[in-house]
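Trainee: Mind looking over this structure? Questions follow.
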Amino acid sequence: MPSEFSFINQIRQRATTGANNLILGIGDDAAIWREHEGRERLISTDLLIEDVHFKLDYTSLACLGHKALAVSLSDIAAMGGRPEFALLSLGLPKSKLADLNWQDFFDGYFSLAQKYGVALIGGDTSASPDKVVIDSVVIGTCASGKAIRRSGAKMGEAIYVTGRLGASAMGLELLQRGERLPTQSPDKKAEAIRAHLQPEPRVKFGENLGTLGLATALMDVSDGLAQDLSHICEESGVDAVLEYDVLPIAPSVRELAGTIDKAFSFAISGGEDYELLFTANPEAEAALKKCASECALEITRIGEIMARQNPQEGPRIFLRRNGRVDLLSITGYDHFRA
Ligand code: ADP
Ligand code: MG
16 MPSEFSFINQ
26 IRQRATTGAN
36 NLILGIGDDA
46 AIWREHEGRE
56 RLISTDLLIE
66 DVHFKLDYTS
76 LACLGHKALA
86 VSLSDIAAMG
96 GRPEFALLSL
106 GLPKSKLADL
116 NWQDFFDGYF
126 SLAQKYGVAL
136 IGGDTSASPD
146 KVVIDSVVIG
156 TCASGKAIRR
166 SGAKMGEAIY
176 VTGRLGASAM
186 GLELLQRGER
196 LPTQSPDKKA
206 EAIRAHLQPE
216 PRVKFGENLG
226 TLGLATALMD
236 VSDGLAQDLS
246 HICEESGVDA
256 VLEYDVLPIA
266 PSVRELAGTI
276 DKAFSFAISG
286 GEDYELLFTA
296 NPEAEAALKK
306 CASECALEIT
316 RIGEIMARQN
326 PQEGPRIFLR
336 RNGRVDLLSI
346 TGYDHFRA
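Residue numbering for the sequence shown follows the working numbering, beginning at 16 and increasing consecutively.
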């Protein structure tokens, strides 16, 4: 088993040192970076706890390393910013440090970090009694005043989402049923499982949305589309209506969910898709589509923002289906739900 010092040294050797604006990375009591006038900082942190967020019997360490960074990159993208630096704190049970190859974890982590030019500049390492605990922090930047909050959606604006929804929740269900990578059928099952274990954050599109300045509210889909949209509506003081017919359900979900109702439910309440959900004036659609296609992404217009019907109550999300508009009951992930 490596000592704490040699473990950290291995990380240090793999971390980029020549990053833009970085003065001092791993190795001292704190990291140092250079600030720039006219820019603002974004910072976000995510906990990943064994048996809450992942199980070691169904994720590879490479996928886990990828996902630990991916979820935080997604948060920076969801503000319209560009990720620059990362911090990573690990709590590792001694037995799991000895028995598992943690270099695989760093293969997954650093290959995603390199893809987006993010430098790991520090963290902390500790023994943990029983479970693996990961705290992933990403620090990003955007031009002053250009960050896109959840609070900017206005009545009459269109609601868009990138990519397709539901595959991650489908993948989790497959894993819980005992499917593993590689699956017997390397196609749709593998696609869904990969979406869960190795999500691709929409880093470039998020940054470009921030620069473009056309989205009025933005967040990533981590708890389920309906619940996340209700957060935008809450912060913006509005309601929303979603269009059943156009909801972009992932092909793997259509094929594997069993029924269309179940596929719809994965797409609307399954979490961890890490797609970007945003609102904009419908007149901006052509520019937004161009911006998406430059990032090799599709965006779909899935609904519209409405005035808050009852200002005394919370936000409401409606669903238009077969010419009827009904209130959608919002279910998504809640860690403390009984
Ligand atoms: P301290 O005693 O100040 O906590 P450490 O010995 O834990 O310092 O860390 C030494 C250096 O290694 C610091 O620069 C710290 O940021 C970095 N470091 C420790 N653990 C990690 C990790 N898991 N990932 C990245 N950097 C780490
Ligand atoms: Mg320490």
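Cβ atoms here follow ideal geometry from the backbone N, Cα and C, with glycine treated the same way. Everything numeric in this text was worked out from a predicted model, so none of it was measured.
(1) Compute the Euclidean distance between the alpha carbons of Asp139 and Ser87, then round it to the nearest angstrom.
(2) Given a cut-off of 8 Å, decide if Glu172 and Thr231 are closer than it, judged by their beta-carbon atoms.
(3) Which of the three DSSP states is assigned to Phe121 in this structure?
(4) Within 7 Å: the Cβ of Ser104 and any heavy atom of the ligand ADP?
(5) Please go through the same chain and pick out, in chain order, the residues whose beta-carbon is closer than 7 Å to the beta-carbon of Ala93, but skip the five residues on each side of it.
(6) Give a yes or no on contact between the stretch 247-263 and the stretch 276-296, applying the rule of three or more CB pairs nearer than 8 Å.
(7) Indicate, with yes or no, if the ligand ADP has a heavy atom lying under 7 Å from the CB of Lys135.
(8) Using the beta-carbon count (16 or more within 10 Å), is Val340 buried or exposed?
(9) Can you list, in chain order, the stretches of the alpha helix (DSSP H) that have 4 or more residues and sit fully within the stretch 53-136?
(10) If you follow the beta strand (DSSP E) that Ile332 is in, where does it begin and where does it stop?
(11) Alpha carbon to alpha carbon, what distance is there between Ala302 and Leu224?
(12) Count the other C-beta atoms from every protein chain shown that fall within 10 angstroms of the C-beta of Gln327, then say buried if there are 16 or more, exposed otherwise.
(13) Can you tell me which of the three DSSP states Leu312 falls into?
(14) Suppose you measure from the CA of Asp61 to the CA of Tyr124; what does that come to, to the nearest Å?
(15) Excluding the 5 residues preceding and the 5 following Thr117 in the sequence, name in chain order all residues of the same chain whose CB lies nearer than 7 Å to its CB.
(16) Below 8 Å on the Cβ atoms is my guess for Asp349 versus Leu180; work out the distance and round it to an integer in Å.
(17) What three-state label does DSSP hand Gly155 in the structure shown?
(18) Taking only runs of the alpha helix (DSSP H) that begin and end inside the stretch 222-284, which ones reach a length of at least 4 residues, in chain order?
Mentor: Put simply:
(1) Position 124 of the sequence shown holds residue 139. Position 72 of the sequence shown holds residue 87. Near 17 Å, if we compare the C-alpha coordinates of Ser87 and Asp139.
(2) The residue you call residue 231 lines up with position 216 of the sequence shown. The residue you call residue 172 lines up with position 157 of the sequence shown. Against a cut-off of 8 Å, the Cβ pair of Glu172 and Thr231 comes out as a contact.
(3) Along the sequence shown, one-based indexing puts residue 121 at 106. If DSSP states are grouped into helix, strand and coil, Phe121 belongs with the helices.
(4) Locating residue 104 in the sequence shown gives position 89, where the first residue counts as 1. Within the cutoff, so yes.
(5) Along the sequence shown, read from residue 1 onward, the residue named residue 93 stands at position 78. Closer than 7 Å at Cβ, skipping near neighbours: Gly221, Leu233, Met234, Asp235 and Leu291.
(6) yes
(7) Position 120 of the sequence shown, counted from the first residue, corresponds to residue 135. It should be pointed out that residue 135 corresponds to Leu in this sequence rather than to Lys. Correct: Leu135 has its Cβ closer than 7 Å to the ligand ADP.
(8) Position 325 of the sequence shown, counted from the start, is the residue given in the question as residue 340. Label assigned to Val340: exposed.
(9) 76-92, 109-114 and 117-130
(10) Numbered from its first residue, the sequence shown carries residue 332 at position 317. Counting along the chain, the beta strand (DSSP E) containing Ile332 begins and ends at Ile332 to Arg336.
(11) Numbered from 1 along the sequence shown, position 209 holds the residue referred to as residue 224. Numbered from 1 along the sequence shown, position 287 holds the residue referred to as residue 302. Approximately 10 Å between the Cα atoms of the pair.
(12) Along the sequence shown, one-based indexing puts residue 327 at 312. Exposed, by the Cβ-count rule.
(13) Reading the sequence shown from its first residue, position 297 is the one you call residue 312. Coil at Leu312, not helix or strand.
(14) As a position in the sequence shown, residue 61 is number 46, starting the count at 1. As a position in the sequence shown, residue 124 is number 109, starting the count at 1. Answer to the nearest angstrom: the Cα atoms are 14 Å apart.
(15) In the sequence shown, the residue the question calls residue 117 occupies position 102. First, the amino acid is wrong: residue 117 is Trp here, not Thr. Contacts found: Leu76.
(16) For the purposes of this step, residue 349 is identified with residue 334 of the sequence shown, where counting begins at 1. For the purposes of this step, residue 180 is identified with residue 165 of the sequence shown, where counting begins at 1. Not confirmed; about 19 Å, so no contact.
(17) Stepping through the sequence shown from its first residue, residue 155 is reached at position 140. Here Gly155 sits in strand by DSSP.
(18) Entirely contained in the stretch 222-284, the alpha helix (DSSP H) runs reaching 4 residues are, in chain order, 240-251, 266-271 and 275-284.
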